[in-house]
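Residue numbers (my numbering): 56 to 467.
Report on one structure; see the data block that follows.
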Amino acid sequence: MSIDLIFEKKTRYIVAISGFLITLLLGVLYAWGVFVNPLEQEFGWTRAQATLPYTIASIVFAIGMVLAGFIQDKKGPRFVALLGGLFAGLGFIISYFTNSLIFLTTIFGILGGFGMALGYSGAVSSGVKCFPDKKGLATGLVVGGFGFGAFLWAPLSTYLIHKFGWRNTFLFLGLILIIVISIVANFLRIPPKGWIPSSFEKNIEKKYSPEYTGKDFTLNQMLKTRVFWLMWIHYILATSPGIMIIVHLNPIAVEYGGFKPLAASFLLSILSIFNLIGRFFLGPLSDKIGRLKTFTLIGSLVLASMILLFIAHYLNILFYIVPIIAGIAYGGYLALSPSFTADVFGTKYYGVNYGAMFTAWGVAGILGPYLAGFLHDLTKSYFLTILIFSIFALIAVGISLYVRRSGLIKKL
Numbered sequence: 056m057s058i059d060l061i062f063e064k065k066t067r068y069i070v071a072i073s074g075f076l077i078t079l080l081l082g083v084l085y086a087w088g089v090f091v092n093p094l095e096q097e098f099g100w101t102r103a104q105a106t107l108p109y110t111i112a113s114i115v116f117a118i119g120m121v122l123a124g125f126i127q128d129k130k131g132p133r134f135v136a137l138l139g140g141l142f143a144g145l146g147f148i149i150s151y152f153t154n155s156l157i158f159l160t161t162i163f164g165i166l167g168g169f170g171m172a173l174g175y176s177g178a179v180s181s182g183v184k185c186f187p188d189k190k191g192l193a194t195g196l197v198v199g200g201f202g203f204g205a206f207l208w209a210p211l212s213t214y215l216i217h218k219f220g221w222r223n224t225f226l227f228l229g230l231i232l233i234i235v236i237s238i239v240a241n242f243l244r245i246p247p248k249g250w251i252p253s254s255f256e257k258n259i260e261k262k263y264s265p266e267y268t269g270k271d272f273t274l275n276q277m278l279k280t281r282v283f284w285l286m287w288i289h290y291i292l293a294t295s296p297g298i299m300i301i302v303h304l305n306p307i308a309v310e311y312g313g314f315k316p317l318a319a320s321f322l323l324s325i326l327s328i329f330n331l332i333g334r335f336f337l338g339p340l341s342d343k344i345g346r347l348k349t350f351t352l353i354g355s356l357v358l359a360s361m362i363l364l365f366i367a368h369y370l371n372i373l374f375y376i377v378p379i380i381a382g383i384a385y386g387g388y389l390a391l392s393p394s395f396t397a398d399v400f401g402t403k404y405y406g407v408n409y410g411a412m413f414t415a416w417g418v419a420g421i422l423g424p425y426l427a428g429f430l431h432d433l434t435k436s437y438f439l440t441i442l443i444f445s446i447f448a449l450i451a452v453g454i455s456l457y458v459r460r461s462g463l464i465k466k467l
């Protein structure tokens with residue numbers, strides 16, 4: 056059996072599973088909401104201050120993806136993932152010694168955030184390159200771990216905080232990241248040069264998505280296109296509401312829904328499950344109907360989640376519906392964006408190109424949790440936040456429709 060066939064039959068699926076496990080561990084970032092109240096109580100921080108370490112981690116994560124992409128394109132996915140697990144784990148371990156907001160923001164936000172960028176870049180790049188025939192499905196699986204992480208880490212972290220305190224919880228999470236990722240990262244690979252799956256060789260043109268260009272853009276070439284900047288803005292508008300819900304759903308449910316902290320953390324578990332479902336469902340769906348049509352569907356789901364979140368203030372049962380819709384939309388977006396970038400701008404420079412696209416996620420990390428926290432401190436309500444993010448969703452729908460109907464991609 057040839058090396059290419061062995062890679063196709065066995066290795067690439069091991070790569071996908073390994074990538075899933077790495078992003079599952081890195082998904083501990085989404086459990087930050089359960090640390091908000093303990094930090095507020097111990098240090099007297101405001102809601103905006105307590106979410107600042109998460110916000111900085113998100114920004115560094117996003118910006119760091121560009122550098123991580125450069126390193127990954129040169130050194131390979133295994134190296135960046137190993138380094139990512141070390142940095143992310145140390146970000147948690149050193150945070151054990153937190154005595155100020157500046158300390159926690161610097162250590163968790165910068166060191167931990169960059170570690171997550173490295174690990175995520177290695178996992179996602181491997182998945183995309185190993186599945187040219189099923190990009191949506193592959194990225195849905197690989198990045199699915201990141202979304203599903205909240206299901207595991209939110210209730211576990213809540214329990215650990217209750218039993219051992221938030222400091223010891225940071226220590227435990229950091230050790231887990233370093234140990235497990237250092238093992239799993241060794242299974243990451245990239246396919247042999249020129250490899251194409253045997254099932255993909257016949258009628259190959261019909262199996263690509265409508266957005267596929269067949270071209271490889273350098274970073275500079277990509278940044279000169281209107282498509283990149285429109286979809287970069289789209290990324291911000293469509294994902295910032297989801298990030299806001301991930302971070303603020305716990306305190307919103309406690310304040311307005313009368314939930315106990317542990318019960319509120321269960322809502323994050325629901326969101327995490329449907330985050331994963333969204334990646335597994337919308338990723339493959341985009342392989343069939345196209346990325347842009349699926350992006351339009353996602354924008355509509357984001358808008359629906361915002362409307363239901365507002366009504367949930369008066370009808371508590373909707374607190375169980377919001378994480379379902381928001382999770383599907385947010386998870387689906389993070390599965391589509393890597394595939395869209397690979398289809399339109401190619402895989403040769405994929406690491407750095409998707410790193411550039413992913414910086415939008417960092418901007419969304421500000422507009423999501425920090426803006427919501429700031430507006431809550433200012434108005435003592437989430438109404439204005441919900442209104443603003445509803446407008447974001449409407450604009451996102453408009454952008455995806457425009458890019459699809461204008462034929463901008465075909466003109467590249």
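Note that beta-carbon positions come from the ideal geometry of N, C-alpha and C, so glycine has one too.
These numbers come from a predicted model, not from an experiment.
A contact between stretches requires three or more CB pairs, one per stretch, nearer than 8 Å, and the region 191-201 meets this requirement with the region 334-344.
Closest in C-alpha terms to N154, from the list N305, R222, Y311, K315, comes R222. Of the candidates L373, S392, L323, P393, the residue whose Cα lies closest to the Cα of L207 is L323.
Its chain contains V183, K184, P187, D271 as the residues whose beta carbon lies nearer than 8 Å to that of T402, once the 5 sequence neighbours on both sides are disregarded; these appear in chain order.
Here S212 is buried: its Cβ has 16 or more other Cβ atoms, across all protein chains shown, within 10 Å.
The criterion of a C-beta distance shorter than 9 Å is satisfied by A178 and S73. Per DSSP, the unbroken alpha helix (DSSP H) holding Y388 starts and ends at 377-400.
Comparing C-alpha distances from Y388 to each of T294, I379, F438, P424 shows the shortest one belongs to T294. Annotation: V418 to H289 spans about 11 Å, alpha carbon to alpha carbon. Between I148 and G229, the CB-CB gap stays under 9 Å. Taking a cut-off of 8 Å for Cβ pairs, the region 398-417 and the region 347-362 do not touch, as fewer than three such pairs fall below it. With contacts defined as CB atoms closer than 9 Å, M361 and F438 fail to qualify as a contacting pair.
Listed in chain order, the non-local C-beta contacts of I332 below 8 Å within the same chain comprise G382, I383, G386, local neighbours out to five positions each way being set aside. Between the region 104-121 and the region 363-378, the count of C-beta pairs closer than 8 Å stays below three; the two stretches do not touch. In summary, K435 is exposed, with fewer than 16 beta-carbon neighbours lying within 10 Å of its beta-carbon over all protein chains present. A distance below 9 Å separates the beta carbons of G139 and S176.
Fully enclosed alpha helix (DSSP H) runs of no fewer than 4 residues occupy 221-239, 274-278 of the region 194-281, in order along the chain. The closest CA to that of Y109, considering only I441, L159, I126, is found on L159. Assignment of H431 by DSSP, reduced to helix, strand and coil, places it in the helix class. Closest in alpha carbon position to L226, among G297, D128, A143, is A143. Taking the Cα of L463 as reference, the smallest distance to any Cα among M171, G428, V399 is reached at V399. S155 carries a coil assignment under DSSP once its states are collapsed to helix, strand and coil. Here I233 really is in contact with L141; their C-beta atoms are around 6 Å apart, less than 8 Å.
Residues V89, F90, P93, T224 of the same chain have their beta carbon placed closer than 8 Å to that of I216, with the five preceding and five following residues left out of the count. In summary, G199 is buried, with 16 or more beta-carbon neighbours lying within 10 Å of its beta-carbon over all protein chains present. By the Cβ-count criterion, S461 is exposed, with fewer than 16 other Cβ atoms from all chains shown falling within 10 Å of its own Cβ. Close CB contacts of I111 within its chain, under the 6 Å cut and outside five residues either way in sequence, are with T160, G164 (chain order). Per DSSP, F374 lies in no alpha helix (DSSP H) segment and is marked neither H nor E.
Around P316, the same chain offers N92, T213, V309 as residues with beta carbons nearer than 7 Å, after the five sequence neighbours per side are excluded. Closest in C-alpha terms to T101, from the list S455, Y425, Y457, comes Y425. Here R67 is actually not in contact with L243; their C-beta atoms are around 11 Å apart, not less than 8 Å. Along the length of the region 315-359, whole alpha helix (DSSP H) runs at least 4 residues long occupy 316-344, reported in chain order.
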